[in-house]
Amino acid sequence: MRIDSDNISTEGREVIRVRVDRIGSAGERELWWVALSFRDESTKPEGMFTDRTQALKLAGELAAAWGVKVAMADAAS
């Protein structure tokens, strides 16, 4: 699901990567968070998914649009 985070501006900020973090795991279920990451390490949420493939698809689209790489992390392990 895309997240509406219009209250966080990208104006004048340098996007350095797109983050994909696995932030939850219970049995066979997972929760994935996708966000733009700025030079100051703050983030702008872009999506929350229970499906890894959907999270990676959005991350790839955002990375291509911003000309940056995708970084994955597993905070749920």
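In this text, residue positions in the sequence shown follow this note's numbering: the first is 1246, and each later residue adds one. Heads up, the beta-carbon is just placed ideally off N, CA and C, and yes, glycines get one too.
| Query | Result |
| --- | --- |
| Val1315 versus Ala1271: straight-line alpha-carbon distance, rounded | 24 Å |
| Backbone secondary structure at Thr1298 - three-state DSSP | helix |
| Which of helix, strand or coil DSSP assigns to Glu1291 | strand |
| Among Ser1250, Met1246, Val1260, nearest to Ala1310 - alpha-carbon criterion | Val1260 |
| C-beta atoms of Arg1264 and Thr1295 nearer than 9 Å | no |
| Glu1291 beta carbon less than 9 Å from that of Ile1248 | yes |
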